[in-house]
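Working notes, structure below.
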Ligand code: SAH
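Numbering (the working numbering), first residue to last: 19 to 269.
This is the structure we're talking about:
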């Protein structure tokens with residue numbers, strides 16, 4: 019099994035594949051001001067097993083297209099949607115976020131939690147704008163510095179792993195430069211990282227390792243996650259995911 023297949027195997031039985039929370043998705047929905055709208059068309063990009071997709075389908079009068087490049091995650095999402103009687107409101111699309119098949123101006127909103135970094139925040143917001151109707155909503159969570167200054171070790175780490183990491187004001191400037199107007203911002207709490215994401219992941223490590231006969235690549239996958247968790251535990255005061263809600267403007 020290659021590294022990507024191992025990662026998918028480690029994460030497919032999880033409720034979420036990144037930091038987040040139902041309350042936080044609901045808060046983004048409130049900020050989007052779409053609660054009273056009818057017949058919305060929404061895409062949830064990089065949806066994983068669909069933690070946010072399910073909330074969107076529950077909270078809004080909407081049809082949600084859940085997009086991910088990993089069909090294994092989408093299979094789990096469809097099972098969860100059926101279980102919650104949301105199957106009719108959700109369909110899944112296995113596609114890459116940088117080659118989406120949506121028509122121009124066809125979507126009322128795009129959500130994307132903890133995933134846009136895969137194509138880079140700026141590339142993503144540029145590429146996805148054309149799919150939104152004028153005034154359409156973009157709601158994304160993205161790695162964000164919480165302070166103006168931070169320890170050098172931490173800065174080095176993230177500049178190597180994700181050079182686009184920046185403060186919220188810098189991210190908002192990127193939104194403004196690319197035809198969006200920010201309408202809301204908040205940060206994910208520690209609970210979103212620890213209780214909702216890292217702790218359940220740690221509980222899966224033992225089974226995962228035994229399933230893969232403690233192979234070197236499997237141990238490598240676990241080690242990389244453990245290092246990420248240790249980094250978060252040490253430096254959570256300095257970074258989180260910022261949740262940015264914006265509207266398409268300038269048409
Ligand atoms: N939104 C989910 C998953 C976040 S993890 C949650 O918050 O739980 C990032 C997700 O992006 C993974 O499910 C991964 O499979 C997906 N992904 C990574 N690169 C992608 C790409 N190029 N196109 C589509 N999806 C991608």
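For each residue, glycine too, the CB sits at the ideal point set by N, CA and C.
| Asked | Found |
| --- | --- |
| Give the single residue among 176, 162, 198 and 201 whose Cα lies nearest to the Cα of residue 188. | 162 |
| In terms of DSSP beta bridges, what is residue 81 paired with? | 59 |
| Considering just the uninterrupted stretch of the beta strand (DSSP E) at residue 266, what are its terminal residues? | 257-266 |
| Consult DSSP for residue 202 and reduce its assignment to one of helix, strand or coil. | strand |
| Where are the beta strand (DSSP E) runs, 3 residues long or more, that stay fully inside the segment 76-143, in chain order? | 80-86, 108-112 and 125-130 |
| Once you ignore the five residues that flank residue 199 on each side, which residues in its own chain have a CB closer than 7 Å to its CB? | 264, 265 and 267 |
| Rounded to a whole number of angstroms, what is the C-alpha to C-alpha distance between residue 212 and residue 77? | 25 Å |
| So, for residue 136: in the same chain, excluding its five sequence neighbours on each side, which residues have a beta-carbon less than 7 Å away from its beta-carbon? | 64 and 115 |
| When you compare each of 69, 154 and 178 to residue 58 by their alpha carbons, which one comes out closest? | 154 |
| Here's the rule I'm using: 16 or more other beta-carbon atoms within 10 Å means buried, otherwise exposed. How should residue 60 be labelled? | buried |
| With respect to the beta strand (DSSP E) encompassing residue 280, which residues constitute its N-terminal and C-terminal limits? | What the structure shows of the chain is the stretch from 19 to 269, and residue 280 is not part of that stretch, so it cannot be assessed. |
| So residue 80 and residue 107 are in contact, right, with Cβ under 8 Å, and what is the actual spacing, rounded? | 7 Å |
| Go to residue 30, then tell me how far its alpha helix (DSSP H) extends in each direction, as first and last residue. | First-last for residue 30: undefined, no H or E at that position. |
| For a quick check, are the C-beta atoms of residue 40 and residue 82 less than 7 Å apart? | no |
| Decide if residue 238 is buried, meaning its Cβ has at least 16 other Cβ atoms within 10 Å, or exposed. | exposed |
| Over what stretch of residues does the alpha helix (DSSP H) that includes residue 241 continue unbroken? | 234-253 |
| If we call anything under 7 Å between Cβ atoms a contact, is residue 70 one with residue 129? | yes |
| Using CA atoms only, rank isn't needed, just tell me which of 252, 248, 257 and 22 is closest to residue 186. | 257 |
| Buried or exposed: which applies to residue 46, given that a residue is buried once 16 or more other Cβ atoms fall within 10 Å of its Cβ? | buried |
| Run the proximity test for residue 115: is its beta-carbon closer than 6 Å to any non-hydrogen atom belonging to the ligand SAH? | yes |
| Check each candidate in 68, 173, 100 and 168 and name the one with the smallest Cα separation from residue 85. | 68 |
| Give the DSSP-derived three-state secondary structure of residue 48 in the structure shown. | helix |
| Alpha carbon to alpha carbon, what distance is there between residue 174 and residue 209? | 25 Å |
| Per DSSP, which residues does residue 185 bridge with? Please list them. | 163 |
| Using only the heavy atoms of the ligand SAH, determine whether one of them is closer than 6 Å to the beta carbon of residue 133. | yes |
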